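Visitor:
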Amino acid sequence: MILKIYKKLLKEHGHRKWWPVSGFTEPKEWEICIGAILTQNTAWKNVEKALRNLDETSCRTAGDILNMDMSKLRRLIKPSGFFNQKAKRLKAFARYAIGNFGSVGNFLRNITREELLKVNGIGPETADAILLYACSKPYFVVDAYTKRIFSRLGIIEQSWKYEQVREFFENNLPKDVQIYQEFHALIVKHAKECCKKVANENCILK
DNA sequence: GCCCAGGTGTTTC
DNA sequence: GAAACACATGGG
108 MILKIYKKLL
118 KEHGHRKWWP
128 VSGFTEPKEW
138 EICIGAILTQ
148 NTAWKNVEKA
158 LRNLDETSCR
168 TAGDILNMDM
178 SKLRRLIKPS
188 GFFNQKAKRL
198 KAFARYAIGN
208 FGSVGNFLRN
218 ITREELLKVN
228 GIGPETADAI
238 LLYACSKPYF
248 VVDAYTKRIF
258 SRLGIIEQSW
268 KYEQVREFFE
278 NNLPKDVQIY
288 QEFHALIVKH
298 AKECCKKVAN
308 ENCILK
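Mapping of the first sequence onto our numbering: position 7 corresponds to residue 114, and the numbering continues sequentially without gaps.
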C-alpha cells in the first residue's frame, strides 16, 4: 500500500534529486549535515542564503566551523533563523565529528543513529536526514509533512510518535536507500504543492 | 499584520 | 509522559 503511494508520487513528480547540494564543502556530504541542522523548522530558501554565506566565506570543512569566531558564524547563518542556537549546534556537531572520529569521512562511515542522537541539537529527524542522505544508510526520514499526509489518508494516526512512524515506513517498504531518499523528497514536493495545512481538493492521493 | 517553514531542548503540569 | 514555550528570519 505504501509502495503504491510512492510509485504514484514518483510518476506525478519524477525524480527529485535529493538532497540538494551545491558542493562547496569538503567532503560534499558535509554540506548535507550542516544543511540538515540549518533547516530545522526553517524554510529552505533561508537555509540557501546561509549556505551561500558560508560558501562565500570559504567555510568548507568541519575544521573551518570549529575555527570560526562564534560571532562571525552567527552572522553568516543569520538568514536561516534561530542563529544563536544553530551556531552552537554547528559547533557542537563539528566538534563531535572531528573529536570522536578524526575526520568527517570517518564520522560518516562509522556513526550510529544511537550516538548521533546524543549530540546536542540533533533530534530524530535531523539524525535520520544525515544518516540517509549523507551516510546512505537506510533510515526513513519522518517530518511534519509525512505525518500530515499519511494521517489524512488514514494510514497512520496523528498521535503516533516519531519512532513509530519511522518503523512503520521501514517495515512496509523494501529496505532500499534509493527508495527512502526519493520517497522523502517526493513527500516534501507533494506537501508543498497539494497537501498544505488546508487540504487541496485535487490531491492526487485522494 | 499574520501565518508558516524539511525541529529541538527545556520547563511545567 | 505530554503539553507549552523559546528560539528568529524571510516569504506569501
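Where is the CB? At the ideal position from N, CA and C, for every residue including glycine. As the structure is a computational prediction, the values presented were derived from the model and not from experiment.
Sort Arg202, Val284 and Glu138 by Cα distance to Ala74 and report the nearest one.
Guide: Given a span of 108 to 313 for the chain in the structure shown, any question on residue 74 remains unanswerable.
Visitor: Alpha carbon to alpha carbon, what distance is there between Glu264 and Ile311?
Guide: Here residue 311 refers to the residue found at position 204 when the first sequence is read from its first residue. Here residue 264 refers to the residue found at position 157 when the first sequence is read from its first residue. Their Cα atoms are separated by approximately 20 Å.
Visitor: Please report how far the alpha carbon of Phe276 lies from the alpha carbon of Lys198, in whole angstroms.
Guide: Taking the first residue of the first sequence as position 1, residue 276 is located at position 169. Taking the first residue of the first sequence as position 1, residue 198 is located at position 91. Distance between the alpha carbons of Phe276 and Lys198: 32 Å.
Visitor: Just curious, the alpha helix (DSSP H) that Asn148 is in, first and last residue?
Guide: Stepping through the first sequence from its first residue, residue 148 is reached at position 41. Taken as a continuous stretch (DSSP letters only), Asn148 belongs to no alpha helix (DSSP H), as it is neither H nor E.
Visitor: Go ahead and pull the three-state DSSP assignment for Pro317.
Guide: Because the chain is modelled from 108 through 313, residue 317 falls outside the range shown and cannot be assessed.
Visitor: CA-CA distance, Phe208 and Leu238?
Guide: The residue you call residue 208 lines up with position 101 of the first sequence. The residue you call residue 238 lines up with position 131 of the first sequence. Phe208 and Leu238: Cα-Cα distance of roughly 16 Å.
Visitor: Go ahead and pull the three-state DSSP assignment for Met177.
Guide: Taking the first residue of the first sequence as position 1, residue 177 is located at position 70. The answer is helix: DSSP assigns Met177 an H, G or I state.
Visitor: Using 8 Å as the Cβ pair cut-off and three pairs as the minimum, do the region 276–286 and the region 163–182 touch?
Guide: The answer is no - the region 163–182 does not touch the region 276–286, with fewer than three Cβ pairs under 8 Å.
Visitor: Please classify Thr253 as buried or exposed, where buried requires at least 16 other C-beta atoms within 10 Å of its C-beta.
Guide: Here residue 253 is taken as the residue at index 146 of the first sequence, counted from 1. Per the 10 Å Cβ criterion, buried.
Visitor: Go ahead and pull the three-state DSSP assignment for Phe276.
Guide: Within the first sequence, the letter at position 169 stands for residue 276. In the structure shown, Phe276 sits in a helix (DSSP, three-state: H, G or I).
Visitor: Keeping to the same chain, check which residues put their C-beta closer than 7 Å to that of Gln288; ignore five residues upstream and five downstream.
Guide: By 1-based counting over the first sequence, the position of residue 288 is 181. Same-chain partners within the cutoff: Trp125, Leu239 and Tyr240.
Visitor: May I ask you to report which of helix, strand or coil DSSP gives Asn213?
Guide: Walking along the first sequence from the start, residue 213 turns up at place 106. Helix.
Visitor: Please report the straight-line C-alpha distance between Asn213 and Lys313, rounded to a whole angstrom.
Guide: By one-based count along the first sequence, residue 213 stands at place 106. By one-based count along the first sequence, residue 313 stands at place 206. Each residue's alpha carbon lies about 44 Å from the other.
Visitor: Taking the alpha helix (DSSP H) that Cys301 falls in, what are its first and last residues?
Guide: Within the first sequence, residue 301 is the residue found at index 194, counting from 1. Taken as a continuous stretch (DSSP letters only), the alpha helix (DSSP H) holding Cys301 covers Val284 to Cys301.
Visitor: If you draw a straight line from the alpha carbon of Gly142 to that of Ser129, how long is it in whole angstroms?
Guide: What you label residue 142 is simply residue 35 of the first sequence in a count that begins at 1. What you label residue 129 is simply residue 22 of the first sequence in a count that begins at 1. Between Gly142 and Ser129, the C-alpha separation is close to 11 Å.
Visitor: Are the beta-carbon atoms of Cys242 and Ile205 separated by less than 8 Å?
Guide: Position 135 of the first sequence, counted from the start, is the residue given in the question as residue 242. Position 98 of the first sequence, counted from the start, is the residue given in the question as residue 205. Going by C-beta atoms, Cys242 is not nearer than 8 Å to Ile205.
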